[in-house]
Structures are given as C-alpha cells and as structure tokens.
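Notes to accompany the following structure.
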Amino acid sequence: MTYDVLIVGVGGQGVLLASRVIGEAAMREGHEVVMSEVHGMAQRGGSVSAVVRFGKGVLSPLVPKAGADLILGFEPVETYRALPYAKQGTVVVTDIGRIVPMTVTGGNERYPNVQELLSAMRRSGLRVISFDATKAAEEAGARVTVNSVLIGAISTLRGFPIREDTLKEALLSSVPSKAKQVNERAFELGKKAASL
Amino acid sequence: MAVATTYPGTPSSEIGTNLEVLSKETGMYFEYSTNEKVALEVGAAAAASGLRAFVFFKHVGLNVASDPFVSLGYSGVRKGMVILTADDPSMHSSQNEQDSRIFARLANLPMLEPATPAEAKEMTLAGFEISEKLEVPVLLRTSTRVNHARGVVTLGEAKKVSLDGHFDKDPMRFVPVPAVARRSRAKQLERMKVAEHLSEESPLNFESGKGSVGVIASGVAYTYAKEFIEDASFLKLGFTYPLPERKLRRFISSFDKVAVFEELSPLVEEKVIQLAKEENCDLRVLGKLSGHLPMAFEYSPETALALKPELKVKEMGKPIDIEPIVLPNRPPVLCAGCPHRATFYAVKKALGNREAVFSTDIGCYTLGINPPMSSADFLLCMGSSVGAAGGFSESTKQKVIAYIGDSTLFHSGLPGIVNAVFNDHRYLLVVLDNGTTAMTGHQPHPGTGRTHVRPTLPLDIEPMLRGLGVKFVQTVDPYDLGSTTAAVREALDRDAFSVIVSKRACPLALMRKAKLERTAYVIDQAKCVRCKTCFTKFTCPALAFDGKDVTITPEMCIGCGCCAQVCPKKAIEVVK
C-alpha cells in the first residue's frame, strides 16, 4: 500500500515546507518516502506543487493521474486545478482564502466563486474539508503559520497513516525555537477546524 | 571531493546551496564561476593536479562548456572528476530539452545516470572511482525529477579536505598540439574498450524481478516502469555510456518482446534494436521508435499506460468526473517593485511610437515577453542578446535594443560587446543590473563584490565597458523613470553602439537579507480619475483593480514609487 499526497498552492505560501514536514514525519514512522516538487518560477507568483508518496515500494517521484489519496490545497483555484490527480475516495483539504492572479486583476480572466468550486468538488464525490486557514493562522498569532494550520487539519483525517504526534513533532522541529508556540497553536486550530 | 565549481542554473542550482555549507565544513574549495566553460576549466586543472573535482550545471551549461569537455576526453585527468549535467525534460525552466547523454558519446567519456536522489549520491562516488580508473572525467546525467526529488539518502562522513594538489608537468599529455592529440585519440579509443568492460561488470546495471516481458529502463523513467509495470523482468541501466552490450544481449535473448523506458532520445532503444539485429533474434522492441512512447517531454507514471495491452500495467485509481470550470491562469510575473519593469516602461516611453526589435536574454527579465511590456522579440541562449542585436543592426533598418542582466553579461555577454565595438554595430544595449543572479536564487557573480564566502573587488560595469572602448555608457536608476527615459532617448538618438546600465538592487534579494526599506504608498481615491494607467501600463502586482477602483495592496508594495511617477494625476502618494 502506498499513500500519495499532492500539495498545491502559490509561490510563497509554504507548500514546499509542508511537503518536507509530511515527508519527514513519514520517514520518522519508518516508511519508504519519495518526494518531488515543481518550483521553477515559484517566487514570482506562479503555481507550486509538491508530492509526498510513502509506503512499501514507492519509487516514482510523481503521483499518477487519479492517484492522490490526499490533496492538500493552499488556495482554492489551485486545489481545483489539481483534480485530475483525484480518484474516487480522495480526500481534499483546502484553504478557502483566494490569491487572485494578475490575469484576473488585469481583467482578462475571471476568478470563479469559491463556494461553487467547493460544491463542484463535492458533487464529484470527493470528501472536501475546507476552511479559512489564513484566518486560523492569524488567530494563532502569525499569518505565516498557514501551513501549520493545514498540517494540523490533515492530522485528524480518518485513514491518514501518520500519527498526529509524529506529524506535530516533525512540524515543530522544522521551525525556529521562538516560533514553536505559535506554530503549535496553529496546528491545534487546524485540527479543530478540520473536525468541525 | 576537493574542488567544486558551477554556474547556477535550474534544476542544478540547489547543489550549490548545499556545497556552500559543505565547503565551509570540510575545507573544500567551491566557487561560482563566471560561466560553465570556466567552471569546467577550473575543475579540469584541479583534477590534473591530483585533486578530486566536481563540476555541475544545467544541460545548456554543458553546451557552453562543450569545448573543454570534448578536449578533456583526450587529455583526461589524474584524479577523479565528475561532471554533472541537469537535464530538463518538459522544459520546466529551460529553453530546450536536449538529451545531454549524446555528449558522452561525442566526447568519448563514460556516463552514469541515476534514477533517484539516493542513486545520485552513490553514483557520484562511483563516478569518481571510474574516473580514477580510466583517468578521464565521468558525466553524471541527472534530470529535473531526480534533482527536484527528495528521498531517503544515507550520508557518509564529510571528510576534511586539504588543497594540496601539485601539477606534475606532462605537455605530451596536457597540451594537445596535433601530434599529441593524435596519440591521445588512439589512447582514448583504447580507454573506451576498458570502459565497456567496466560497464559490463558494473553493479549499476542490474536485473530485477521476473516476468513474461523484458523492460529496459534508465534514469527516472526506471522508477515509473518499475513501480507501475507488472509481470516484467527489469534491466535497470545506470552505467549508460558505454552500454553493457553483453548484458543487453543476454537480457533480450530471453524475451519475444522488450520495452525500453528512457526519456528524450531513443539511445538505449537504438542499441537494443541494433543488438537484436546482430543476434538475428525476432525481438519486438516497444519504445519511441515503434511509436508506443513519446519522443518529446518527460515521462510520468501514465506513460506506462501507453504500453497497454502489450504490457501489464498496475491498476490506477478510478478517475472522478470533474465539472468543467474555467480557472484563471497563474503565470509567473515580475515581482512587485521589480526594477526590470521600471526599465522596460522607461524604454517604451522613450521609444514612443517608434518600433524596435528587442533582443533579450536569460533571466527574470525574459518575463518582459508578456504584455503590456512586450519587450522580448528574440532569444537563443545565455548572452545571445548582444551578438544577435549586432546582427539585427547590420541586416535591418529597424531600431534594435538589447537587454541583458548583470550575471548574464559576465557569463557570456562580454565577447558580444567587444564585437559591437570592433564592428561598429549600431544598437542600444540596456544592462539590467540588479546586483545578483536573481532567477536561480541570488548567487553572487563578479559584479556583486562578494563570493559566497568573502568580499571581493566588484567589477563595476560602467568603467569596465569604457575600458572595452564603449563610447557612450550611462548608469541610471530605473526607479527614477524621468531620468531613465531621458537617458534612453539620448542613447537612441545617437544611432551608434550605446549602453545604459540600469542599476537597482533586486528587492527580493534585499528582502531575504532583511535589508529592504519600505516606503508605504497609497492611492488618493479623491484625486484618482480611474484612467488605470498605473494598472494597465505599469502592471505592478501590488496594484489591484476591483472593477471600480485601483488600490495598492500594502503587504505587496515595496515602495519603489514608480507607479506614483506613472500616474498622470499625481494621485499616488507616500503614506504620511
């Protein structure tokens, strides 16, 4: 059995950091782990994605289409863009905070209604856990802890093969010591938001 | 390894980030060279002096370094030398997807091809050993999905290095005048015979699994084949030049049908077809040449599906029905406050209604291709902006403007500039000097006044160009749009080779060093006449338009003040 996680978002949101935390946690639990990322022009506001695959016999650094067990989205449009990788049974955890691209602010393209995106995903049969992770991060004390919120959220998922403690330890070991408290708060708020 | 060199380029740049740290721990000499050719030459001298050398760059960097690379196949090295090329199938961040494996054959140098991060480490070590046996460099061919992958790697101990090489002179080996080169050429062919033997015996070429069909795979393509193709025997190739012919013959003789899984050029496949013919066996070879697998772009797990029903492929998940919703694109853009945007704007302004051909170069500023700047019309490779601009100026009557970044200028722009002075080309060169190699992660270059370890004498571009004989050189601050426009206008009117150095530090680099001083700007909505000039003509991502008003997003604005200069109503002001 392998477990495939696809993480998507926009440059600067912490997608790569989240993938490293999940990968580290999977490694700590003794899984074989493969990870990859696309971040060519990430810092210039482009889409970013990362893959964490773990379990017996994982080799491919890419998730096959219709192969993700979990899609972790940092931005709703990016989450929707990742749906070709969803299969029947995929769980989607997504932040609903929009990052509106230049193509939209320039008036050339339209940003779809977020509720409509979420409903469409649910109509496709996906289990969707969506909430305002940015708001939760602000509540925790720092906007930059969005990825800790989202990691907290996935820790409560039924069937997610990594223990909550391991995930939390991997997360906290990845942040500077003075930021541990705020990230821990963010993690807990993510857990709470996901179980609502 | 004792000496490492590079010129940064995705997907190889992160190796440098790691070696910056490792070199401090071990005493290894690591440098960012001015370009890949120089990097290879520095490495070659180290390896000729008895020190292990590691040189790395992206695939097109190997093109730049190909001249010394091919010569090294003649004179060789005394201590291990590994040259890593980072190929980029699917062109995630490159202008082509060339298969660098062809260079191994061109230069008669052995080549290893890792499939995973763990293998990349093992094969670097194996490469040094092979290199020391044969006394030639070994090419380590990686690709994006190996370089930007992560996996469990067991590290050895980082040993202390002393830089105590000594070059024992041997001009009859290291100076390839024709008489020497002829002798070396004969030796090179003998050496490749030994390399063939090493490849045959190498544990890097191994068989695994048992099944009714054969699959031969190399590089990251192996991971897709091995994980997703079922009921197959695998021959995994890691030592791919020269190929292990005997091993291949033995492997294919057990099957009626063999699939070859390799990205880009069908090099292994051609060899398999040739061997099958020689063996007179009735083998069906499934691959690119049979039309089963794609010639262009990277492979993925789904590539295996193309071999159905010839091969058994693992059951993939059941796809869902996705409701078609049109999603906005999210192309990369120049950052908020990027000085390149200001330069493009000022040049456009100076040109007015006049047309110009923009000969651009490689860096963040290639994003000038996008409207409304539309400031990129021609590009070949690093440094091509200057040479090509000379060509346009001589063969057309159009105005010609070239753009080059500071790092790219030092990389390969200088010969083109000398050519423009020598042949009296008539064009304007704009140097976009942001004081760093921004695109690849802010590595230092000869103009930055520091290497990755210490301060160094900065090469100041304006006096350097004057020294090269450029008559008109003017340095401007692109954040001062008025002066920049005036300088460009003056240069354009000269109708002779002129250079504007548009100098302003990359704000992203400043931000990373926490050295960016922000001034907050705001749009006075009472003064704003909704002409949207700032938004549509300047297009800074810190400007947002909600359908009614243009506003400045405070978290994004870095306070360059350019939009305030663009505004015809002076409605954009510093927050008091």
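Heads up: the sequence lines are chains R and E, in that order. Every letter in the first sequence is one number past the one before it in the working numbering, and letter 37, counting from 1, is 31. One gets the working numbering by counting positions in the second sequence from 1 and adding 1104 to each. Glycine included, each C-beta is placed from N, C-alpha and C at the ideal position.
- In the three-state reduction of the DSSP assignment, residue 1156 (chain E) falls in the coil class, being assigned neither a helical nor a strand state.
- The continuous stretches of beta strand (DSSP E) do not include residue 1127 (chain E), which lies in the alpha helix (DSSP H) extending over residues 1117 to 1130.
- Beta bridge pairing from DSSP links residue -2 (chain R) with R:47.
- Residue 1470 (chain E) and residue 1621 (chain E) have their C-alpha atoms some 27 Å from each other.
- When the five nearest sequence neighbours on each side are left out, the beta carbons in the same chain lying within less than 8 Å of the beta carbon of residue 1637 (chain E) are those of 1670, 1671 and 1672, in order along the chain.
- Using a Cβ distance threshold of 7 Å, residue 1255 (chain E) and residue 1244 (chain E) do not count as a contacting pair.
- Taking 7 Å as the threshold, the shortest C-beta distance from residue 139 (chain R) to chain E does not fall below it.
- Taking C-alpha positions only, residue 1128 (chain E) is separated from residue 1560 (chain E) by approximately 17 Å.
- Between the C-alpha atoms of residue 42 (chain R) and residue 5 (chain R) there is a straight-line separation of about 6 Å.
- Of all residues in the region 72 to 106 of chain R, those with a C-beta nearer than 8 Å to a C-beta of chain E are 72, 74, 75, 77, 78, 80, 81, 82, 83, 84, 94, 95, 96, 97, 98, 99, 100, 101, 103, 104, 105 and 106, reading in chain order.
- Cα atoms of residue 1248 (chain E) and residue 1618 (chain E): separation of roughly 31 Å, rounded to the nearest angstrom.
- DSSP places residue 19 (chain R) inside the alpha helix (DSSP H), whose first and last residues are 9 to 22.
- Rounded to the nearest angstrom, the gap between the Cα atoms of residue 1120 (chain E) and residue 1214 (chain E) is 24 Å.
- Excluding residues up to 5 positions away in sequence, -5, -4, -3, 25 and 26 lie with their Cβ nearer than 7 Å to the Cβ of residue 49 (chain R) in the same chain.
- Per the C-alpha coordinates, the member of E:1347, E:1585 and E:1577 positioned closest to residue 1212 (chain E) is E:1347.
- Restricting attention to E:1158, E:1267, E:1130 and E:1324, the CA atom closest to the CA of residue 1218 (chain E) is found in E:1324.
- For residue 1170 (chain E), the enclosing alpha helix (DSSP H) has its first and last residue at 1170 to 1179.
- For residue 1255 (chain E), the enclosing beta strand (DSSP E) begins and ends at 1253 to 1255.
- Here residue 1629 (chain E) is exposed. Its C-beta has fewer than 16 other C-beta atoms within 10 Å.
- Taken through DSSP and simplified to helix, strand or coil, residue 1532 (chain E) comes out as strand.
- Among the residues of the region 10 to 22 of chain R, those with a Cβ less than 9 Å away from any Cβ of chain E are 13, 14, 17 and 21, in the order of the chain.
- Contact between residue 1162 (chain E) and residue 1221 (chain E) is ruled out by a C-beta separation of about 17 Å, above the 8 Å threshold.
- Three or more Cβ pairs closer than 8 Å define a contact, and the region 1427 to 1438 of chain E falls short of that threshold against the region 1574 to 1585 of chain E.
- For residue 66 (chain R), the enclosing beta strand (DSSP E) starts and ends at 62 to 67.
- Residue contact check for residue 1322 (chain E) against chain R: no CB pair falls below 7 Å.
- Within 7 Å of the CB of residue 1541 (chain E), no CB atom of chain R is found; the nearest one sits about 14 Å away.
- When DSSP assignments are scanned along the region 1359 to 1442 of chain E, the uninterrupted stretches of beta strand (DSSP E) that are 3 or more residues long and fall wholly within it turn out to be 1361 to 1365 and 1388 to 1390.
- Annotated three-state conformation of residue 1505 (chain E) is strand, per DSSP.
- The three-state secondary structure of residue 1227 (chain E), taken from DSSP, is helix.
- The Cβ atoms of residue 58 (chain R) and residue 1459 (chain E) lie no closer than 7 Å to each other.
- The alpha-carbon of residue 1250 (chain E) is positioned some 17 Å away from that of residue 1229 (chain E).
- Cβ proximity to chain R below 9 Å picks out 1248, 1249, 1250, 1252, 1253, 1254, 1255 and 1256 from the region 1244 to 1259 of chain E.
- The three-state secondary structure of residue 83 (chain R), taken from DSSP, is strand.
- Sequence-distant Cβ neighbours of residue 1309 (chain E) in its own chain, meaning closer than 8 Å and more than five residues away, are 1303, 1339, 1340, 1341, 1342, 1343, 1348 and 1351.
- Around the C-beta of residue 1276 (chain E), fewer than 16 other C-beta atoms lie within 10 Å, and the residue is accordingly described as exposed.
- If you draw a straight line from the Cα of residue 1525 (chain E) to the Cα of residue 1200 (chain E), it comes to about 31 Å.
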